[in-house]
Amino acid sequence: MCGIAGFWDVPQRVGAEGATATLTRMTGALAHRGPDDAGAWYDPAAGLALGHRRLAIVDLSPEGHQPMTSASGRYVLVFNGEVYNHARLRKELAGLGAAFRGHSDTEVMLAAIERWGLAHALSRFNGMFAFALWDRRERALSLVRDRLGIKPLYCGWVGRRFVFASELKAITLLPDFANPVDPDALAALLGQGYIPAPRSIYRGLAKLVPGTTLTLSADDVARGAHDTELVAARSETFWSARAAARAGQRDALDASDAEAVAELDHLLRDAVALRLRADVPVGAFLSGGIDSSLVVALAQAQSTRPIQTFAIGFRETGYDEARYARAVAQHLHTDHHELYVGAQDALDVVPRLPALFDEPFADASQIPTFLVAQLARGSVTVSLSGDGGDELFAGYRRYLSARTFERALGALPRAVQVRVAHTLGRHPGVYESVLAACNVCLPGRIRLRRPRAKVALLADLLQAGSIDARARLWRAHARDPARLLRQPRAHVVAGPAAAGRHAPDAALRRMLVADLVDYLPGDILAKVDRASMAVGLEARVPLLDHRVVEHAWRVPLGQKIRRGQGKWLLRRVLDHYVPARLLDRPKQGFSVPIGAWLRGPLREWADALLDATHLREQGWFEPQRVRQLFVDHVAGRVDEGACLWDVLMFQAWLVETARTHAQLHTRVAA
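Put into structure tokens, the structure is as follows:
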């Protein structure tokens with residue numbers, strides 16, 4: 050696991066010394082991703098520079114140093130990630146005549162590319178990766194991002210120079226950086242809490258889409274500064290989550306429940322086993338939920354010693370899962386570590402978030418994710434994570450809610466839908482009062498949270514014109530993000546829209562695909578990558594082995610959702626290792642009480658960032674609307690913690706960006 054950075058300056062405006070200084074500045078900004086080693090390589094004839102920061106995981110010797118040149122000298126590679134099946138590939142390549150100096154996966158990647166070509170080699174790699182490959186013979190640069198988007202890669206132009214890096218900070222620290230904020234990216238942030246690929250917060254810079262290869266020539270780079278669509282035009286897909294979903298549905302499994310459980314168990318055991326291999330200590334995050342418990346159980350079942358597991362506990366009622374993690378750890382006999390943190394411990398992380406996450410990012414579970422990564426790094430260098438199970442096996446509550454809603458919607462004529470939506474919109478207070486009164490009479494387990502928001506969501510769902518729009522609403526942070534912006538923008542939607550009605554199961558499948566393509570890489574995986582790499586910890590996600598993903602799409606919905614419960618098949622696999630009684634509880638999620646904190650210990654911090662004068666001067670938000678939203682939230686009239694967190698993370702990012710650039714210009718001037 051590492052950080053990569055580089056640039057291609059076709060006009061070659063600076064010499065080798067200037068290029069080296071620029072590259073050193075870029076890789077220095079990524080030191081947290083690779084604290085063990087640094088490397089640089091420059092081709093003066095082409096004006097191309099490749100830089101690397103290394104977190105040594107496999108082959109700790111100097112033979113794993115990067116940038117690494119292939120045996121023939123044709124290719125030069127900088128690589129972030131892991132190819133888990135490198136030992137199998139090494140044996141095959143050695144049989145074909147390849148010779149190896151060390152035992153790193155990087156060397157195997159280069160040998161595979163030389164033997165089979167880039168496209169075929171990629172089809173053989175099982176792993177998470179983002180890399181830059183320079184072909185010295187063809188004078189072409191290829192950037193590649195793994196199938197699911199586990200590892201990040203930004204690219205684009207700063208002036209006339211093509212740049213790329215694992216994180217934006219390596220690019221924005223360039224002295225000539227002046228790319229403006231992209232208003233459409235801000236609109237997406239307010240609607241979703243993150244900025245989906247291919248957008249980044251800056252114009253001229255993009256996230257490489259998962260499962261794609263971008264190959265550029267010198268001519269491409271020379272004219273790229275004037276062609277904002279070039280990244281998309283030169284990108285080729287080597288693996289598609291949408292295509293995998295379609296193929297899986299066409300070739301659905303026809304297996305008994307027992308057969309389905311056995312087959313998934315076998316596949317998951319191999320995915321976990323591959324990710325246990327390292328030359329450094331390996332542990333696992335354990336929340337006590339289905340996904341992390343399954344990953345830990347499979348790891349412990351294949352280990353000769355207790356696996357080290359890590360959990361964070363909160364003392365706030367309704368936000369603590371540490372006791373569940375402890376029970377699972379005791380049953381599996383892991384070497385368990387837990388840390389209970391108070392509100393202040395979590396709040397101390399908040400000022401660090403803009404620098405940690407590099408561009409505005411507003412999933413509040415970023416806080417406990419960072420804390421558990423920090424805890425794990427004290428004992429291990431690699432930690433397994435259970436991410437991906439919800440998106441593959443229908444674990445989120447919103448999937449069940451959406452399925453029920455689509456069934457009810459199918460029974461209502463469109464005219465009735467519009468009439469009900471109109472009534473809800475005109476008289477929301479009446480319905481909110483009725484719902485709130487009914488809510489009081491319900492048992493605590495089924496009592497609705499935020500009844501006012503439920504009425505607003507129902508009105509929006511009824512007015513939405515497509516299943517894609519409804520799917521977006523189920524996980525939207527802001528009901529109408531455009532109303533908060535000074536210059537309203539259309540909400541950015543990933544993927545094509547599809548109007549018309551769908552059968553409930555078809556609608557659910559579209560939600561699962563959308564989350565796999567967009568939400569998972571844009572939110573969940575970005576969160577885990579930044580939080581773990583901030584402390585030099587490698588996070589591995591066995592449930593997102595591409596073989597597991599392809600297999601999951603062959604599993605019928607009836608083996609994912611049963612008796613009103615998601616992840617049915619995963620639960621049955623876990624039954625072989627952990628008693629169901631330890632896991633039989635409603636899904637909680639890895640969250641923090643942001644809404645309450647904004648009314649309490651974070652109120653002063655938020656009030657300063659949302660100062661009306663500052664908002665007006667910055668020009669991004671409508672000051673009165675944002676202030677009123679904040680005032681209403683603090684007073685308890687609304688519960689808009691998620692929406693306010695989106696705004697606050699952008700505001701905090703603006704402050705951090707201004708501070709960083711001021712420091713840079715001071716150093717440059719000196």
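Numbers 50 to 719, taken from this note's numbering, label the letters of the sequence shown in order. Even glycine gets a Cβ: it sits at the ideal position worked out from N, Cα and C.
Of the choices 598, 325, 674, whose alpha-carbon is the least far from that of residue 294? 598
Per DSSP, residue 117 forms a beta bridge with which residues? 126
Backbone secondary structure at residue 140 - three-state DSSP: helix
Taking buried to mean at least 16 other C-beta atoms within 10 Å of its own C-beta, is residue 268 buried or exposed? exposed
Give every residue of the same chain whose Cβ lies closer than 7 Å to the Cβ of residue 720, excluding the five residues on either side of it in the sequence, and list them in chain order. Past the boundaries of the shown model lies residue 720; the chain is included only from 50 to 719, so the question cannot be answered.
In terms of DSSP beta bridges, what is residue 534 paired with? 670
Might you give, ordered along the chain, the residues of its own chain that have their beta carbon closer than 6 Å to the beta carbon of residue 595, omitting 5 neighbours on each side? 196
In terms of alpha-carbon separation, which member of 91, 60, 55 lies closest to residue 77? 55
Buried versus exposed, by CB contacts within 10 Å (16 or more), residue 215: buried
Among residues of its own chain, excluding the 5 on either side of residue 670, which ones have a beta-carbon nearer than 7 Å to its beta-carbon? 533, 534, 535, 664, 696
Per DSSP, cross-strand counterpart(s) of residue 262: 193, 285
Residue 553 to residue 454, Cα distance in whole Å? 8 Å
Given residue 483, which residues of its chain have a CB within under 8 Å of its CB, disregarding the five upstream and five downstream residues? Because the pLDDT at residue 483 is just 49, under 50, the model does not fix this residue reliably, and the value given afterwards should be weighed accordingly. None.
Whose C-alpha, out of 90, 688, 341, 81, is nearest the C-alpha of residue 375? 341
Identify whether residue 351 lies in helix, strand or coil by the three-state DSSP scheme. coil
Distance between residue 303 and residue 314 (C-alpha atoms, nearest Å): 17 Å
Please state whether the Cβ-Cβ distance between residue 125 and residue 99 is less than 9 Å. yes
Does DSSP classify residue 429 as helix, strand or coil? coil
Using the three-state DSSP reduction, which class does residue 466 fall into: helix, strand or coil? helix
Looking at the ligand GTP, does it come within less than 8 Å of residue 556, judged from the CB to the closest heavy atom? As presented, the structure is devoid of all ligands, the ligand GTP included, so that no description of it is given.
For residue 521, which of 505, 127, 564 has the nearest alpha-carbon? 564
Alpha carbon to alpha carbon, what distance is there between residue 420 and residue 441? 26 Å
Please classify residue 115: is it buried, with 16 or more other beta-carbons within 10 angstroms of its beta-carbon, or exposed? buried
DSSP three-state call for residue 602: helix, strand or coil? coil
Looking at C-alpha atoms only, which residue of 530, 316, 562, 580 is the closest neighbour of residue 406? 580
Could you tell me whether the Cβ atoms of residue 190 and residue 202 are closer together than 9 Å? no
Classify residue 722 as buried or exposed, calling it buried when 16 or more other Cβ atoms lie within 10 Å of its own Cβ. With the chain running from 50 to 719 in the structure shown, residue 722 is simply not present.
Sort out for me which residues DSSP pairs residue 89 with in a bridge. 100
Rounded to a whole number of angstroms, what is the C-alpha to C-alpha distance between residue 105 and residue 674? 49 Å
CB-CB length for residue 69 against residue 89, believed under 8 Å: 6 Å
Going by alpha carbons, who is nearest to residue 84 out of 109, 64, 92? 109
Boundaries of the alpha helix (DSSP H) in which residue 522 is found, first to last residue: 516-523
Residue span of the alpha helix (DSSP H) that contains residue 298, given as start and end: 290-299
For residue 353, count neighbouring C-beta atoms within 10 Å of its own C-beta (all shown protein chains included) and say buried if the count is 16 or more, exposed if not. exposed
Tell me where the alpha helix (DSSP H) around residue 358 begins and ends. Premise fails: residue 358 lies in the beta strand (DSSP E), 357-363, not in any alpha helix (DSSP H).
Between 571, 107, 391, 676, which lies nearest to residue 330 when the distance is taken from Cα to Cα? 107
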